[in-house]
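Student:
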Amino acid sequence: MSTPQLAWLPDPTVTTKGHLWDQRLSQAKDAAPDWDTLLDLARYNLNFMRTMKLDRVLTRQFPEPPAHLSVKPVRLALLGSSTINHLVPSLRVAALRHGIWLTVHTGEYGSYRQELGQDDEALKEFAPTLILLLLDARHIAGFLPRNADQATADMACQEVVESLLPECWREAKSRYGCPVLQTSFLPVFPRLMGSAEALLPSSSANFITRINSLLAASCHKHGAIFVDLAAEATQYGLEAWYDPSLWWRAKQEIAPGAAPAFGELVGRSLAALAGRSSKCLVLDLDNTLWGGVIGDDGLDGIELGQGSPLGEAFVALQDFALRLSRRGVVLAVCSKNDEVNARLPFQKHPEMILREKDIGCFVANWNDKAENIREIASRLNIGLDSIVFVDDNPFERSRVREALPMVNVPEIPEDPTLVPDAVAAAGYFDLIELSAEDLNRSDQYQANLQRQSLQESATDLDSYLNGLDMTLIYGAFNSTNLSRITQLINKSNQFNLTTRRYSQDDLTALMADDTAFGLWFRLTDRFGDNGLIAVVIGRDAAEGIVDIDTWLMSCRVLGRGVEEATLSVIAAQARARGAIALRGTYLPTLKNSMVADMYSRLGFTLLEDRGIEGKSYILPLAEWMPAATSITLSSEF
Amino acid sequence: MNRNDVVEQITKIFQDVFDDPNLTLKDDTTAQDIPGWDSVAMINIIVAIEEHFNIRLKTREIDALKSVGDLYETVLTKVS
Numbered sequence: 001m002s003t004p005q006l007a008w009l010p011d012p013t014v015t016t017k018g019h020l021w022d023q024r025l026s027q028a029k030d031a032a033p034d035w036d037t038l039l040d041l042a043r044y045n046l047n048f049m050r051t052m053k054l055d056r057v058l059t060r061q062f063p064e065p066p067a068h069l070s071v072k073p074v075r076l077a078l079l080g081s082s083t084i085n086h087l088v089p090s091l092r093v094a095a096l097r098h099g100i101w102l103t104v105h106t107g108e109y110g111s112y113r114q115e116l117g118q119d120d121e122a123l124k125e126f127a128p129t130l131i132l133l134l135l136d137a138r139h140i141a142g143f144l145p146r147n148a149d150q151a152t153a154d155m156a157c158q159e160v161v162e163s164l165l166p167e168c169w170r171e172a173k174s175r176y177g178c179p180v181l182q183t184s185f186l187p188v189f190p191r192l193m194g195s196a197e198a199l200l201p202s203s204s205a206n207f208i209t210r211i212n213s214l215l216a217a218s219c220h221k222h223g224a225i226f227v228d229l230a231a232e233a234t235q236y237g238l239e240a241w242y243d244p245s246l247w248w249r250a251k252q253e254i255a256p257g258a259a260p261a262f263g264e265l266v267g268r269s270l271a272a273l274a275g276r277s278s279k280c281l282v283l284d285l286d287n288t289l290w291g292g293v294i295g296d297d298g299l300d301g302i303e304l305g306q307g308s309p310l311g312e313a314f315v316a317l318q319d320f321a322l323r324l325s326r327r328g329v330v331l332a333v334c335s336k337n338d339e340v341n342a343r344l345p346f347q348k349h350p351e352m353i354l355r356e357k358d359i360g361c362f363v364a365n366w367n368d369k370a371e372n373i374r375e376i377a378s379r380l381n382i383g384l385d386s387i388v389f390v391d392d393n394p395f396e397r398s399r400v401r402e403a404l405p406m407v408n409v410p411e412i413p414e415d416p417t418l419v420p421d422a423v424a425a426a427g428y429f430d431l432i433e434l435s436a437e438d439l440n441r442s443d444q445y446q447a448n449l450q451r452q453s454l455q456e457s458a459t460d461l462d463s464y465l466n467g468l469d470m471t472l473i474y475g476a477f478n479s480t481n482l483s484r485i486t487q488l489i490n491k492s493n494q495f496n497l498t499t500r501r502y503s504q505d506d507l508t509a510l511m512a513d514d515t516a517f518g519l520w521f522r523l524t525d526r527f528g529d530n531g532l533i534a535v536v537i538g539r540d541a542a543e544g545i546v547d548i549d550t551w552l553m554s555c556r557v558l559g560r561g562v563e564e565a566t567l568s569v570i571a572a573q574a575r576a577r578g579a580i581a582l583r584g585t586y587l588p589t590l591k592n593s594m595v596a597d598m599y600s601r602l603g604f605t606l607l608e609d610r611g612i613e614g615k616s617y618i619l620p621l622a623e624w625m626p627a628a629t630s631i632t633l634s635s636e637f
Numbered sequence: 001m002n003r004n005d006v007v008e009q010i011t012k013i014f015q016d017v018f019d020d021p022n023l024t025l026k027d028d029t030t031a032q033d034i035p036g037w038d039s040v041a042m043i044n045i046i047v048a049i050e051e052h053f054n055i056r057l058k059t060r061e062i063d064a065l066k067s068v069g070d071l072y073e074t075v076l077t078k079v080s
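Heads up: the sequence lines are chains L and A, in that order.
Each residue of the first sequence is one higher than the last, beginning at 1 in this note's numbering.
Each residue of the second sequence is one higher than the last, beginning at 1 in this note's numbering.
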């Protein structure tokens, strides 16, 4: 039996910020109350037990709303027709996840009509700001006479949808002055005629189906807020939401295991009511919007469009994004790329669904993504907490989550075919109604925007990098990894100082050459092994100089100090050969402008500038000291 | 999984349900021995055990439980 998951949130059984979720909760429990810490803990894929444990700390530490909170606290009366108490912790934790302080009053078992129909002391005293009316399907089916014919069934249906429920909503408004969240009903009844069920007027299953189909419109007409529980339950299936053994044991229609998902469903409505639905979808490009790396693979090389399953999956994500944008979500791009390369597919690729005009803010550079997202928020003039950031790279996701905890960063399945559904399931953009403003919003943003390049800015990146446990493993070329090295040498375009291509035979010869050396580099961090990410070839030259013939690196690991660490390895190798200086060469191509200044950045002195023919640099080794990095070196010589 | 593993893991679940990290269980512990062990807590225990061990307890099996020892045995037959 499966359980509904909050699958877009990180797994609490994996270490983050140096500790397991359970340890971090224990620390929070003993520490001074801190809302943001608890909010962070709520943003994990919590099961009902972890939800309950977090709720205990939450209610103990915040019996009253925290003073600084800008979002209005919500006083929710949960009224039902069966057992509902077990859902309360999940409601409070889901509200917390959306930045809302929630207190809950639960009605007496099965007494919702008395509580709404006459002045209820306890409820009056509680003074709810919102009522959640959660009625079980058996209760609703009770309005259908057992031997109903078609006319009776039609009448019963009308009675529930146009009389009983709207009466409750009116009473809530007049007696307690607050709106009602009305859920649809779980289809718990066994079918008696299968696909022909609709022909049987006395069928409870069919009765619920009919009422669910009429409920949204009735809510809209009578001013209640519709919460589509039945639709949500299709995500993991009825069996995951409803357990007959618990119904008969305790009259729990929603199983405790599904409580966190139920809480989240309601939490989204609370967020939407408070105007806290996300407004902007920030997209990575390489391996998110298309397959491959535009800077390396070029316009013809990226995977996008009809003809391959992945190409079609990337189109599907773009289509999803475009549809979101048409209904008011602003799209933005945040990519580590040269801007010219990044824009190329938007301008020229025939299979692109998204075009430049669809992107409200386009940021492509080599800066830290957290800083870029901050810039996007400021340029669009929206809060960071209304941004959703989608990136296939777990490093970038974790980095942004850590630096900007208010940004929504869904976990993304590795298989691109699963990404649109994963983003939709996270429900960040859920609304309770659609306004004209929503439909026009993207246009407004685009009209106001100037597209400018980003300034670099200092950050707390260092401390983040320190926590990554990065190890750079290096060694000499050998026969087992030679094919991967050859592939990198012939494929890398962007972080490639000289773009010299060598065949496997060339490299085999180099391995036997005493006057040259080849180095490979692998980077591991707490997310795992990034694989072989850099290659260097050095050659002995006259006057005790070692020439850096080739230096290339995967852009995926850029901005983490890998260049500095690599240089310290090269320098050590050169010193071991008795060299007194390193000479670096930069040969410009159409694609490698990102490393045009790398040697100066690393402390080399410019020797000669031959313009488009390139530049050469020198680094005397006598007094040179490696720069400090967050990377541990590990030799495999 | 042997009996000790089951005992240890079920004890942890009880500690979580009753919010008491020092709670210990004996084979003859019953609902009378633990304050707060009502029908609601019982359901939380059952659901947590089902999720943790990835098993399913039948209604008849749950009704037959008289003590914590019974619970160990029932779980043990399903996980081994």
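Just so it is clear, CB atoms sit at the ideal spot from N, CA and C, and this is done for glycine as well.
For a quick check, are the C-beta atoms of ILE631/L and GLY538/L less than 7 angstroms apart?
Tutor: Mapped onto the first sequence, residue 631/L falls at position 631. Mapped onto the first sequence, residue 538/L falls at position 538. No, these two residues do not count as a Cβ contact at 7 angstroms.
Student: Would you mind stating whether GLN504/L and THR486/L have Cβ atoms separated by less than 7 angstroms?
Tutor: Here residue 504/L refers to the residue found at position 504 when the first sequence is read from its first residue. Here residue 486/L refers to the residue found at position 486 when the first sequence is read from its first residue. Cβ atoms of GLN504/L and THR486/L: closer than 7 angstroms.
Student: Which bits of chain L does ASP16/A rub up against, with CB to CB less than 9 angstroms?
Tutor: Within the second sequence, residue 16/A is the residue found at index 16, counting from 1. Here the neighbours are MET49, ARG50, MET52 and LYS53.
Student: Leaving out five residues on either side along the sequence, give the residues of the same chain with a beta carbon under 7 angstroms from the beta carbon of GLU171/L.
Tutor: Indexing the first sequence from 1 puts residue 171/L at position 171. Taken in chain order, the residues that qualify are LEU116 and GLY117.
Student: Among the candidates GLN61/L, CYS555/L, GLY328/L and LEU133/L, whose CA atom is the shortest distance from the CA of ASP228/L?
Tutor: Stepping through the first sequence from its first residue, residue 228/L is reached at position 228. Answer by Cα proximity: LEU133/L.
Student: Check the Cβ of SER600/L against every Cβ in chain A and list those closer than 7 angstroms, keeping chain order.
Tutor: Residue numbering aside, residue 600/L sits at position 600 when the first sequence is read from its first letter. Under the 7 angstroms cutoff, chain A gives no residues; its nearest Cβ is about 58 angstroms from SER600/L.
Student: Identify, in the order they occur along the chain, each residue of the same chain with its Cβ nearer than 6 angstroms to the Cβ of ALA313/L, setting aside the five sequence neighbours on each side.
Tutor: For the purposes of this step, residue 313/L is taken as the residue at position 313 of the first sequence. Around ALA313/L: PRO416 and THR417.
Student: Would you mind telling me which residues of chain A sit closer than 7 angstroms to SER245/L, beta carbon to beta carbon, in chain order?
Tutor: Stepping through the first sequence from its first residue, residue 245/L is reached at position 245. Correct list: THR59.
Student: Could you check how far apart the C-beta atoms of ALA240/L and ALA258/L are, in whole angstroms? I think they sit under 8 angstroms.
Tutor: Taking the first sequence and counting its residues from 1, the one referred to as residue 240/L is at position 240. Taking the first sequence and counting its residues from 1, the one referred to as residue 258/L is at position 258. About 6 angstroms; that satisfies the 8 angstroms criterion.
Student: Any C-beta of chain L within less than 8 angstroms: which residues of the stretch 30 to 57 of chain A qualify?
Tutor: So the list reads SER39, VAL40, ILE43, ASN44, VAL47, ALA48, GLU50, GLU51 and ARG56, given in the order they occur along the chain.
Student: If you follow the alpha helix (DSSP H) that TRP169/L is in, where does it begin and where does it stop?
Tutor: Counted from its first residue, the first sequence places residue 169/L at position 169. Start and end: 165 to 171.
Student: Could one say the Cβ of ILE4/L lies closer than 7 angstroms to chain A's Cβ atoms, at least one of them?
Tutor: Position 4 of the first sequence holds residue 4/L. According to the sequence shown, residue 4/L is Pro rather than Ile. For PRO4/L, the answer is no, since every Cβ of chain A falls outside 7 angstroms of its Cβ.
Student: Output yes if chain L places a C-beta closer than 7 angstroms to the C-beta of ASP63/A; else output no.
Tutor: Residue numbering aside, residue 63/A sits at position 63 when the second sequence is read from its first letter. No, its Cβ sits nowhere closer than 7 angstroms to a Cβ of chain L.
Student: List, in order along the chain, the chain L residues whose C-beta lies closer than 8 angstroms to that of ASP19/A?
Tutor: For the purposes of this step, residue 19/A is taken as residue 19 along the second sequence, with counting starting at 1. Near ASP19/A (Cβ distances below 8 angstroms), the residues of chain L are LYS53 and ARG56.
Student: Three-state secondary structure (DSSP) at GLN455/L?
Tutor: Counting from one through the first sequence, the residue named residue 455/L turns up at place 455. Here the model assigns GLN455/L a pLDDT of 32, short of 50, so the residue's position is not dependable, and the following value carries that caveat. GLN455/L falls in the coil class under three-state DSSP.
Student: Is the closest heavy atom of the ligand FMN to the C-beta of LEU46/L under 6 angstroms?
Tutor: Ligands displayed in this structure: none; no statement on the ligand FMN is therefore possible.
Student: If you run the structure through DSSP and keep just helix, strand and coil, what is TYR586/L?
Tutor: Locating residue 586/L in the first sequence gives position 586, where the first residue counts as 1. Reduced to three states, the DSSP call for TYR586/L is strand.
Student: How about THR524/L and THR566/L: are their beta carbons less than 7 angstroms apart?
Tutor: Locating residue 524/L in the first sequence gives position 524, counting from the first residue. Locating residue 566/L in the first sequence gives position 566, counting from the first residue. Contact: no.
Student: If you measure between the beta carbons of LEU501/L and ASN490/L, is that distance less than 7 angstroms?
Tutor: Here the question's residue 501/L lines up with position 501 in the first sequence. Here the question's residue 490/L lines up with position 490 in the first sequence. Per the sequence presented here, residue 501/L reads as Arg, with Leu not at that position. Yes, Cβ-Cβ distance for ARG501/L and ASN490/L is below 7 angstroms.
Student: At least one CB of chain A closer than 7 angstroms to the CB of ALA250/L: is that the case?
Tutor: Working through the first sequence from its first residue, we reach residue 250/L at position 250. With 7 angstroms as the cut-off, ALA250/L counts as an interface residue toward chain A.
Student: Taking only runs of the beta strand (DSSP E) that begin and end inside the stretch 55 to 93 of chain L, which ones reach a length of at least 3 residues, in chain order?
Tutor: Those beta strand (DSSP E) runs which fall completely within the stretch 55 to 93 of chain L and span 3+ residues are 74 to 80.
Student: How big is the Cα-Cα spacing for VAL621/L and PHE527/L?
Tutor: As a position in the first sequence, residue 621/L is number 621, starting the count at 1. As a position in the first sequence, residue 527/L is number 527, starting the count at 1. Here residue 621/L is Leu; the residue named in the question, Val, does not match the sequence. Roughly 35 angstroms separates the two Cα atoms.
Student: When we look at the beta-carbon of MET155/L and count the other beta-carbons within 10 Å, is it buried (16 or more) or exposed?
Tutor: Counting from one through the first sequence, the residue named residue 155/L turns up at place 155. Under this definition MET155/L is an exposed residue.
Student: Name the DSSP bridge partner or partners of MET553/L?
Tutor: For this step, residue 553/L is matched to residue 553 along the first sequence. Per DSSP, ALA534/L.
Student: From ILE618/L to ASP609/L, what distance separates their C-alpha atoms?
Tutor: If you number the first sequence from 1, residue 618/L lands on position 618. If you number the first sequence from 1, residue 609/L lands on position 609. Using only the alpha carbons, I get a separation of about 12 angstroms.
Student: Counting contacts by CB-CB distance shorter than 7 angstroms, is PRO89/L in contact with chain A?
Tutor: As a position in the first sequence, residue 89/L is number 89, starting the count at 1. Taking Cβ atoms only, chain A never reaches closer than 7 angstroms to PRO89/L, which makes this a no.
Student: In whole angstroms, what is the alpha-carbon distance linking ALA7/L and THR15/L?
Tutor: Within the first sequence, residue 7/L is the residue found at index 7, counting from 1. Within the first sequence, residue 15/L is the residue found at index 15, counting from 1. So the two alpha carbons sit approximately 17 angstroms from each other.
Student: Select from GLU264/L, MET511/L, GLU433/L and PRO179/L the residue whose C-alpha is nearest the C-alpha of THR480/L.
Tutor: The residue given as residue 480/L occupies position 480 in the first sequence. If we check each option's Cα against that of THR480/L, MET511/L comes out closest.
Student: Anything in the stretch 349 to 361 of chain L with a Cβ closer than 7 angstroms to a Cβ of chain A? List those residues in chain order, please.
Tutor: Within the stretch 349 to 361 of chain L, no residue has a Cβ that lies closer than 7 angstroms to any Cβ of chain A.
Student: List the endpoints of the continuous alpha helix (DSSP H) containing TYR112/L.
Tutor: One-based indexing of the first sequence puts residue 112/L at position 112. Element bounds for TYR112/L: 112 to 117.
Student: Taking C-beta pairs closer than 8 angstroms, name the residues in chain A that PRO256/L reaches, listed in chain order.
Tutor: By 1-based counting over the first sequence, the position of residue 256/L is 256. What PRO256/L touches in chain A: ILE43, ASN44 and VAL47.
Student: Counting only runs that start and end within the stretch 170 to 218 of chain L, where is the beta strand (DSSP E) found for 3 or more residues in a row?
Tutor: The qualifying runs are 180 to 183.
Student: Is DSSP giving TRP290/L helix, strand or coil here?
Tutor: Indexing the first sequence from 1 puts residue 290/L at position 290. Three-state result, TRP290/L: strand.
Student: Rounding to the nearest angstrom, what Cα-Cα distance links ALA425/L and THR3/L in this structure?
Tutor: The sequence position of residue 425/L within the first sequence is 425, counting from 1. The sequence position of residue 3/L within the first sequence is 3, counting from 1. If I take the Cα positions, the gap works out to 15 angstroms.
Student: Mind pulling the chain A residues with CB within less than 8 angstroms of HIS19/L?
Tutor: Here residue 19/L refers to the residue found at position 19 when the first sequence is read from its first residue. Those do not exist, as HIS19/L stays about 17 angstroms from chain A at its closest Cβ, beyond 8 angstroms.
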